[in-house]
Amino acid sequence: MTPAVRHSGRTWLLPAYVALVLVFLILPVCLVIPMSVSETSYLKFPPTGFTLKWFASFFASPAWIGATLRSVAIGFWASLLATVLGTMTAFALRRSTRWDRLIGGAFLSPQVVPVIIVALGIMLIFNRFHLYGSMIGIVMAHGMLALPFVVINVATGLRQRGETLALAARVMGAGPFKAFWYVTLPSLRASIVTSAIFAFFVSFDELVVALFIMGRNETLPMRIWANVRDDLTPVVAAVATLLIFVTVLAVFLSEWVLHKPAREKQAG
């Protein structure tokens, strides 16, 4: 048997490996959905019967709804803060000099340092400035955690297309502000929108920092953690199911925005 034939005989190994990894990642998520409609008052798989009462319990609970709305509000403002600051940072560090790379590395520190250490440091600072348990404090903290993802994403988009188009606009006589506002910023639309969506979910899903600095003002992850620790009812599975569908919808929205310029280019 020739080497080419032997190599072709093993081409199934990589697809099989990818399939196993996907099953390992997706299977726990898929198990949550049927448990959310089980009639038992505790988490059980396979589920017994079919009921939507756990979804009704979620929507009828002021504690669950309050925590959800609080997380949505925090995620929105944290995403806005991280997107604005991250876009400005990526634009400021676009030259990729030694100092730019050094400062850019500093912006990645929230993802390098263990999150519990970050949470402890934030709690000490917030106690000093009377921000413990405040919406402003958690928005600032979550914005900081999401900032590295925005910087990386927007900087990548800027290197791919934004800087070249801006230089062309300057050659054609546009000033720095017009080149940025009418050329660079629209060219980064997909990267900015994708970063904003990702930043929102970074904030929405964050637990450790919220546990340290939010006190009794529960976010949705804090409420889920409390339920898992104390009751472990199928309401948790119902909430997780809703979050799964919302996350999948957001991923499709992000992909649609990301590939929209290519579709418009092909249509043109």
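Residue numbers (the UniProt record's numbering): 1 to 268. C-beta atoms are modelled at their ideal positions from N, C-alpha and C, and glycine is treated no differently.
- Between S36 and W54, the C-beta gap is smaller than 7 Å, which places the two residues in contact.
- Below 8 Å, enough C-beta pairs join the region 148–157 and the region 105–114 to call them touching: three or more.
- H142 counts as buried, since at least 16 other C-beta atoms from the protein chains shown sit within 10 angstroms of its C-beta.
- Looking only at E255, I224, L249 and F252, the smallest Cα-Cα distance to W64 is reached by I224.
- With 16 or more other CB atoms across the displayed protein chains lying within 10 angstroms of its CB, W77 is buried.
- Distance from the CA atom of P234 to the CA atom of F126, rounded to whole angstroms, is 35 Å.
- Per DSSP, P234 lies in no alpha helix (DSSP H) and is assigned neither H nor E.
- The residue from L232, F180, G66 and F212 with its alpha-carbon nearest to that of L124 is F212.
- Segment contact: the region 12–21 against the region 215–231, fewer than three CB-CB distances shorter than 8 Å; contact not assigned.
- DSSP places S195 inside the alpha helix (DSSP H), whose first and last residues are R189 to F204.
- A90 places its beta carbon 7 Å or farther from that of L147.
- With the rule of 3 Cβ pairs closer than 8 Å, the region 227–244 counts as touching the region 29–45.
- Going by C-alpha positions, S254 is about 31 Å away from S57.
- Sorting L249, L242 and V251 by C-alpha distance to the C-alpha of I33 places L242 at the top.
- Within a 10 Å sphere around the beta-carbon of V118 sit 16 or more other beta-carbons, which makes this residue buried.
- Going by DSSP, G137 is part of the alpha helix (DSSP H) stretching over M135 to G157.
- V84 carries a helical assignment under DSSP once its states are collapsed to helix, strand and coil.
- Our two residues, F204 and I197, have alpha carbons roughly 10 Å apart in a direct line.
- Counting the other Cβ atoms within 10 Å of the Cβ of M214 gives 16 or more, which makes it buried.
- In terms of Cα proximity to E218, the closest of L249, M172 and S134 is S134.
- Setting aside the 5 residues that flank it on each side, V209 is surrounded in the same chain by V115, V118, A119, I122, I138, A141, H142 and L145, each with a C-beta closer than 8 Å to its C-beta; the list follows chain order.
- Bounds of any alpha helix (DSSP H) do not take in G215, whose DSSP letter is neither H nor E.
- It is roughly 21 Å from the alpha-carbon of V183 to the alpha-carbon of W256.
- The three-state reading of DSSP puts K44 in coil, since its state is none of H, G, I, E or B.
- Taking 7 Å as the cut-off, the beta carbon of L31 is found closer than this to the beta carbon of F45.
- Collapsing the DSSP output to three states places S71 in a helix.
- Inter-residue distance for M172 and W181 is about 15 Å (C-alpha atoms, whole angstroms).
- By the criterion of a C-beta distance shorter than 6 Å, S79 is surrounded in its chain by A196, A199 and F200, once the five residues flanking it on both sides are discounted.
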